[in-house]
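Have a look at the structure below before the remarks.
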Amino acid sequence: MATATTAQPAGTSFTTDCATLAPGASCTLTVTPGATPSATPGDLAPLPAEMGLSGSNTNTLALSIWVLDFGSVYQGGHLFDIDDSTPATAGVGGKVLALNDATTFTTWGPDDSATRLNLSLTDGAANTAAIVSQYGPPSSPSPTARYPAWACASSDDAGFSDWYLPAICELGYDSTGRGSGCGTSSSPLVPNVLANLVDRGHAVGLSAINSYWSSSTVPATPWVQLYAPGANAHHQDSYGAGNSSRCVRALTP
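Here it is in structure tokens:
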């Protein structure tokens, strides 16, 4: 018998074929999420709904049910990319933006050598690995020496160690026509922070007066995302300029 031990989010339901089982047999519990998330956007410490599965001659199982939407805090960050094409027996896929900045007003790197690598517009994880391979560890433990790609790759924020510096198209679409190639607000190249968090009004702590480094470059110049009311924009900046960074990670299924 399946029972909800806490209130389920509005619209969420479950079905089960576990009513009568022979010894050693198995059954299936199917949860169908509704439109109301259990992890309400803006709640930095959400709790899942709980469901119990028990029988007359079995141990009781406690199951955590997460119903997510853009802006929900899950697995260490704000959800901005949802991939629900994963198998029904696995967790949802997607990406989250860290809750806090990794660096503030630091340079993109110690020199311009990594800016000349073939760095992707969309694959921040691969970019970060290439940048860290090029530069290696920072020259000193000082926070100002922690270049953004290293700060993300070495982060264990929220207990996760797979953070990376996002690519420019993961940060936003191209609202200025400056040729970043990330699409438009109505047709972005990939799901991104600007479209699915900022434009939806979710307060995620991005500075409105500061630009954010991406791991993408045009020849010898990193791409930067500016988040500012009415002025969200992509621009290019010297590797030695001072901008902030915020890490991203892919969900663990």
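For the sequence shown, our numbering assigns the number 270 to the last residue and increments by one with no breaks. Glycine is no exception: its CB is placed at the ideal position from the N, C-alpha and C atoms.
Beta-bridge partners of residue i, as assigned by DSSP
i: Q242; result: Y229, H251
i: F31; result: V48
i: I82; result: A66
i: L96; result: V113
i: T280; result: With the chain running from 18 to 270 in the structure shown, residue 280 is simply not present.
i: P205; result: G200
Three-state secondary structure assigned by DSSP to residue i
i: G111; result: strand
i: R133; result: helix
i: T234; result: strand
i: T75; result: strand
i: G176; result: helix
i: A162; result: helix
i: A212; result: helix
i: Y91; result: strand
i: A267; result: strand
i: G200; result: strand
i: Y181; result: strand
i: P274; result: As shown, the chain starts at 18 and ends at 270. That puts residue 274 outside it, with no answer to give.
i: P40; result: coil
Residue range of the unbroken alpha helix (DSSP H) whose run includes residue i
i: T145; result: 141 to 152
i: P165; result: 165 to 170
i: C186; result: 185 to 188
Rounded C-alpha distance that separates residue i from residue j
i: S73; j: I148; result: 57 Å
i: D60; j: D86; result: 12 Å
i: A258; j: Q92; result: 32 Å
i: L64; j: P50; result: 16 Å
i: V48; j: A27; result: 13 Å
i: D174; j: A115; result: 8 Å
i: L272; j: G194; result: Beyond the ends of the chain as shown, which are 18 and 270, falls residue 272; an answer cannot be given.
i: W240; j: G189; result: 11 Å
Chain C contact for residue i (CB, 7 Å cutoff)
i: R163; result: No chain C appears in the structure shown, which is made up of a single protein chain.
Residue from the options with nearest C-alpha to residue i
i: T145; options: P160, W125, A105, S159; result: W125
i: G110; options: S261, P208, I226; result: P208
i: H219; options: L96, P63, T139; result: L96
i: A245; options: R163, V215, I82; result: V215
i: T238; options: Q253, I226, G247, S231; result: Q253
i: E187; options: Y152, A168, G141; result: G141
i: L211; options: A184, A24, P236, G196; result: A184
i: A66; options: V265, S30, T77, A248; result: S30
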